[in-house]
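**Student:**
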Amino acid sequence: MASRALAQCVRSLARASARLNEGRSVCVLLASAQRPLSSWTCSQRTSRTELLRIPSPSVHPCRLYSDAPPLTLEGIQERVLYVLKLYDKINPDVLKSTSHFMKDLGLDSLDQVEIIMAMEDEFGFEIPDGDGEKLMTPEEIVTYIADKKDVYE
Amino acid sequence: MIQHIMVRHSKLQKQVLALYRQFLRAAQDKPGFIPRIRDEFRTNAAIKKTDVMHIEYLYRRAQRQLELLKDANTKQLGSFSKWKEDS
Numbered sequence: 001m002a003s004r005a006l007a008q009c010v011r012s013l014a015r016a017s018a019r020l021n022e023g024r025s026v027c028v029l030l031a032s033a034q035r036p037l038s039s040w041t042c043s044q045r046t047s048r049t050e051l052l053r054i055p056s057p058s059v060h061p062c063r064l065y066s067d068a069p070p071l072t073l074e075g076i077q078e079r080v081l082y083v084l085k086l087y088d089k090i091n092p093d094v095l096k097s098t099s100h101f102m103k104d105l106g107l108d109s110l111d112q113v114e115i116i117m118a119m120e121d122e123f124g125f126e127i128p129d130g131d132g133e134k135l136m137t138p139e140e141i142v143t144y145i146a147d148k149k150d151v152y153e
Numbered sequence: 001m002i003q004h005i006m007v008r009h010s011k012l013q014k015q016v017l018a019l020y021r022q023f024l025r026a027a028q029d030k031p032g033f034i035p036r037i038r039d040e041f042r043t044n045a046a047i048k049k050t051d052v053m054h055i056e057y058l059y060r061r062a063q064r065q066l067e068l069l070k071d072a073n074t075k076q077l078g079s080f081s082k083w084k085e086d087s
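Chains as they are written, first to last, in this note's numbering: chain F, 1 to 153; chain P, 1 to 87.
#1: Unbroken alpha helix (DSSP H) runs of length 4 or more, entirely within the segment 54-87 of chain P: which are they?
#2: Assuming contact is defined by CB atoms lying nearer than 7 Å, are Val80/F and Pro138/F in contact in what I supplied?
#3: Run through chain F and tell me which residues come within less than 9 Å of Ala18/P, C-beta to C-beta.
#4: Count Cβ pairs between the segment 145-153 of chain F and the segment 27-38 of chain P that sit closer than 8 Å; are there 3 or more?
#5: Counting only Cβ pairs nearer than 7 Å, list the residues of chain P close to Ser117/F.
#6: Please list, in chain order, the chain F residues whose beta carbon lies closer than 9 Å to that of His9/P.
#7: Verify whether the separation of the beta carbon atoms of Glu122/F and Val83/F is less than 7 Å.
#8: Any C-beta of chain C sitting closer than 7 Å to the C-beta of Gly132/F?
#9: For Gly75/F, count neighbouring Cβ atoms within 10 angstroms of its own Cβ and tell me buried if that reaches 16, exposed if not.
#10: With DSSP collapsed to three states, give me the class of Val83/F.
#11: Could you check what DSSP says for Gly32/P in three-state terms: helix, strand or coil?
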């Protein structure tokens with residue numbers, strides 16, 4: 001069986017490394033490999049794998065999870081302005097961070113709802129209606145998102 | 001109904017905007033609905049704020065249409081338009 005062959009290889013490697021006294025990383029790899037393999041192999045062999053467990057107290061194997069890169073205020077502002085420039089009712093030349101949607105850009109409340117929905121899609125979280133209808137400039141949107149996502153500078 | 005410098009929305013205005021949002025969310029995956037929704041809301045935005053009967057009628061009608069839209073059997077929307085004769 002493949003598991004038995006693997007267990008054999010690991011054990012031979014472990015024996016070789018124990019003799020040569022190699023670096024901790026190899027021991028860690030083997031130590032972590034020993035545990036699942038010892039459960040696969042049949043009962044007669046588990047005693048032998050137990051004896052070969054190499055102690056490595058200082059270095060622990062760790063799992064690395066990936067996540068999106070952390071948000072920064074400039075990053076949020078850039079993305080907000082980018083999404084607004086893509087919106088067809090806004091003239092990208094006139095758009096600034098402080099331009100009011102209704103007073104400066106001439107949009108109405110239906111457009112403002114569409115803009116807030118675009119922001120929800122961009123940043124991936126729900127903005128409730130009560131909060132959303134109060135956001136009237138890109139600046140306010142940036143501060144709101146930074147507030148919700150705990151981005152401090 | 002829609003002013004240019006909006007200070008505070010009335011309750012009915014808030015309901016209409018919430019309905020608009022629900023429509024846009026429901027229509028995201030189904031082709032052909034979004035231009036129709038936007039047009040319809042925009043033409044009806046010209047109705048006076050005082051004409052509550054009309055607004056409420058349209059609001060109830062829209063709620064029924066939203067239920068139809070959300071139904072899984074609704075796939076897409078198309079329309080016929082007249083050919084422009086050149087000669």
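Built from N, CA and C at the ideal position, the CB exists for glycine as well.
**Tutor:** Quick answer:
#1: none
#2: The residue labelled residue 80/F in the question sits at position 80 within the first sequence. The residue labelled residue 138/F in the question sits at position 138 within the first sequence. Taking 7 Å as the Cβ cut-off, Val80/F and Pro138/F qualify as a contacting pair.
#3: Start at 1 with the first residue of the second sequence, and residue 18/P comes out as number 18. The answer, in chain order, is Val113, Asp129.
#4: no
#5: Your numbering for residue 117/F matches position 117 in the first sequence. For the sequence presented, residue 117/F should be read as Met rather than Ser. Simply Arg21, Leu24.
#6: Here residue 9/P corresponds to residue number 9 of the second sequence, with the count starting at 1. Ser109, Glu133, listed in chain order.
#7: Taking the first sequence and counting its residues from 1, the one referred to as residue 122/F is at position 122. Taking the first sequence and counting its residues from 1, the one referred to as residue 83/F is at position 83. For Glu122/F and Val83/F, yes; Cβs fall inside 7 Å.
#8: As a matter of chain content, chain C is missing from the structure shown, whose protein chains are F and P.
#9: Start at 1 with the first residue of the first sequence, and residue 75/F comes out as number 75. The residue in question, Gly75/F, is exposed, as its Cβ has fewer than 16 Cβ neighbours within 10 Å.
#10: Locating residue 83/F in the first sequence gives position 83, where the first residue counts as 1. Val83/F: helix per DSSP, three-state reduction.
#11: Numbered from 1 along the second sequence, position 32 holds the residue referred to as residue 32/P. Three-state result, Gly32/P: coil.
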